[in-house]
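J.: Right, I'll just put the structure down here and ask away after.
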Amino acid sequence: MGDITVIGGGVSGLSCARSLQLAGYDVRIVTRDLPQHTASMAAGAVWSGSGLDRRSRPWAAATLEHFQRQIEIAGSGVTLQRMREVYGQKVPDPWYRERLPFFQRLSKHEMRPGLIDGYLMDVPMVAPPIYLEYLRQQFQSAGGRIERRKVESLVELADEAGGLLVNCTGVGARDLAKDERVYPIRGQTLLLAAQGIRVGYMDNEAVDHIFPRADGVLVGGVKDAGNWNQALDPALSADIIERCARIDRRLADAEVLRGFVGLRPGRDQVRLEAEALANGGTVIHNYGHGAVGYTLSWGCAQAVTALAQSVLT
Ligand SMILES: Cc1cc2nc3c(=O)[nH]c(=O)nc-3n(C[C@H](O)[C@H](O)[C@H](O)COP(=O)(O)OP(=O)(O)OC[C@H]3O[C@@H](n4cnc5c(N)ncnc54)[C@H](O)[C@@H]3O)c2cc1C
Numbered sequence: 037m038g039d040i041t042v043i044g045g046g047v048s049g050l051s052c053a054r055s056l057q058l059a060g061y062d063v064r065i066v067t068r069d070l071p072q073h074t075a076s077m078a079a080g081a082v083w084s085g086s087g088l089d090r091r092s093r094p095w096a097a098a099t100l101e102h103f104q105r106q107i108e109i110a111g112s113g114v115t116l117q118r119m120r121e122v123y124g125q126k127v128p129d130p131w132y133r134e135r136l137p138f139f140q141r142l143s144k145h146e147m148r149p150g151l152i153d154g155y156l157m158d159v160p161m162v163a164p165p166i167y168l169e170y171l172r173q174q175f176q177s178a179g180g181r182i183e184r185r186k187v188e189s190l191v192e193l194a195d196e197a198g199g200l201l202v203n204c205t206g207v208g209a210r211d212l213a214k215d216e217r218v219y220p221i222r223g224q225t226l227l228l229a230a231q232g233i234r235v236g237y238m239d240n241e242a243v244d245h246i247f248p249r250a251d252g253v254l255v256g257g258v259k260d261a262g263n264w265n266q267a268l269d270p271a272l273s274a275d276i277i278e279r280c281a282r283i284d285r286r287l288a289d290a291e292v293l294r295g296f297v298g299l300r301p302g303r304d305q306v307r308l309e310a311e312a313l314a315n316g317g318t319v320i321h322n323y324g325h326g327a328v329g330y331t332l333s334w335g336c337a338q339a340v341t342a343l344a345q346s347v348l349t
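Residue numbers (my numbering): 37 to 349.
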C-alpha cells in the first residue's frame, strides 16, 4: 500500500512521485496510461517562462534550477538550447532574464517580416521520450511501483490505499476530480531527422515551434481548445512541416521519425491544493498545467511534497 499513491504517469505524476520518494516516502504510481502514452510524450518540451502568472513563477524558477542540474547528467534528455522567441508586438524584458546563462534581445534584422520583437536565449530543452524514461527508471530503481489501471473514484482509491493521494491526471481530472474548469487543448508535433539546426524557434502566437532536442528536431504545432481527438491528422502534419520549412528550409525534406498528438490539460489556473475527501482521506491535486507542464513540473512537485509533509505530520 505505501505512504502515498500518485495517480498519473505523465511528467507531473513522475516528478511528484520522484520528489516524494526523495523526501523519504514510500510511493506508488497508479496510472491508466504508461508515460510513453501520455500527453507529456507529445510535448516540445522547452522551459518557457513567458506568459506565466505570478503564482506560477516560483514553480518555473525551481524547475529551471532543477533542469540546469539535469543538463549535467548524461542520459537525462535535458540539454541547454539556444532559442529565438519572437513576437508580433513590443514585449518587455521577461522576469527570468537574469536567471538564464545567456539572454539578449533580437534586433529587427534578425526577425522575419511582420515580427516586431523577440529574445535570443539559452534555455533547458527536454526530450520527453528520454526524460520520462529517466524519471521512471530513477523512481523504480529506488523501489517505486507502477500499477497500470484507471481510477474511477478518488474516495474508493483512498479507501483501498489508506495513505495520501496525489492527483496528477492532467485532462483526466475533468472526470476524476469532477472539475469542469479542465478542458483539452489539442497539440500535434512531429519529430524530424533534420541536420545542422543549431538554434531553435518559438512563435507562440502562430504556434510555430522548431525545437532541436537530444533525439531529433521537434516541430509543431497547434493549440486547439476543446478538441478531444487523439488521432494524428496527416493534413495538419503537412501544414506544420510547410510552415516550419518557411522558417528553416532544411526542414522541408527531413525524414519524419514520429508523429505525436497530446491533449494539454487546460484550466484557467493550475490546481495545486489539498482537499479533504468524504471518507476522511486527503488528496493533493496537481493538474491543469496547460502548455507549460514541463516548465512547472519540478517546482510543482516540490510544492506537492511540502504539502504532503504538512498533511502527514
Ligand atoms: C504538443 C505539445 C507541446 C507542448 N510543449 C510544451 C513545452 O514546450 N514546454 C512545456 O513546459 N510544456 C509543454 N507542453 C505541455 C505539457 O506537455 C503538459 O502540460 C504536461 O505534459 C501535462 O502533464 P501531466 O502529467 O499533468 O498530464 P499527462 O501527461 O496528460 O498525464 C496524465 C496521466 O494521468 C493518467 N490518468 C488520467 N486519468 C486517469 C484516471 N482516471 N486513472 C488513472 N490514471 C489517469 C493518464 O493515463 C496519464 O498517465 C506541451 C504539450 C503538448 C501536447
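The beta-carbon is built from N, C-alpha and C at its ideal position, and this holds for glycine as well.
(1) Less than 7 Å between the CB of D251 and some heavy atom of ligand 1, yes or no?
(2) Since Q140 sits in a beta bridge, which residues does DSSP pair it with?
(3) Any chance the CB of V218 is under 7 Å from a heavy atom of ligand 1?
(4) In whole angstroms, give me the CA-to-CA distance for C204 and P128.
(5) Report the three-state DSSP secondary structure of A310 (helix, strand or coil).
(6) Using the rule of at least 16 other Cβ atoms within 10 Å of the residue's Cβ for burial, across every protein chain shown, is P301 buried or exposed?
(7) Assuming P165 contacts A81 under a Cβ cut-off of 8 Å, what Cβ separation, rounded to an integer in Å, is found between them?
(8) If you reduce the DSSP assignment to three classes, tell me which class I40 lands in.
(9) Does DSSP put A78 in a helix, a strand or coil?
(10) Can you name, in chain order, every residue of its own chain whose Cβ lies under 6 Å from the Cβ of S51, other than the five neighbours on each side?
(11) Check whether the region 209 to 224 touches the region 256 to 265, counting contact only when three or more Cβ pairs, one atom from each stretch, lie closer than 8 Å.
(12) According to DSSP, which residues form a beta bridge with F296?
(13) Following a CB-centred definition, is V63 positioned closer than 7 Å to any heavy atom of ligand 1?
(14) Starting from V319 and walking both ways along the beta strand (DSSP E), at which residues does that stretch end?
T.: So, to answer that:
(1) Exclusion of D251 from the 7 Å shell around ligand 1 follows from its C-beta lying no nearer than that to any non-hydrogen atom of the ligand.
(2) The bridge partners DSSP lists for Q140 are L156.
(3) Distances from the CB of V218 to the heavy atoms of ligand 1 are all 7 Å or more.
(4) Straight-line Cα distance between these residues: approximately 33 Å.
(5) A310 carries a strand assignment under DSSP once its states are collapsed to helix, strand and coil.
(6) Of the residues assessed, P301 falls on the buried side of the cut-off, its CB having 16 or more other CB atoms within 10 angstroms.
(7) About 10 Å; that fails the 8 Å criterion.
(8) In the structure shown, I40 adopts extended strand secondary structure according to DSSP, grouped into three states.
(9) A78 sits in a helix when the DSSP states are folded into three classes.
(10) So the list reads S333, W334, A337, once near-sequence residues are dropped.
(11) Taking a cut-off of 8 Å on C-beta distances, the region 209 to 224 touches the region 256 to 265, as three or more cross pairs fall below it.
(12) Beta-bridge analysis with DSSP links F296 to T225.
(13) No, the Cβ of V63 stays beyond 7 Å of every heavy atom of ligand 1.
(14) First-last of the beta strand (DSSP E) with V319: 318 to 323.
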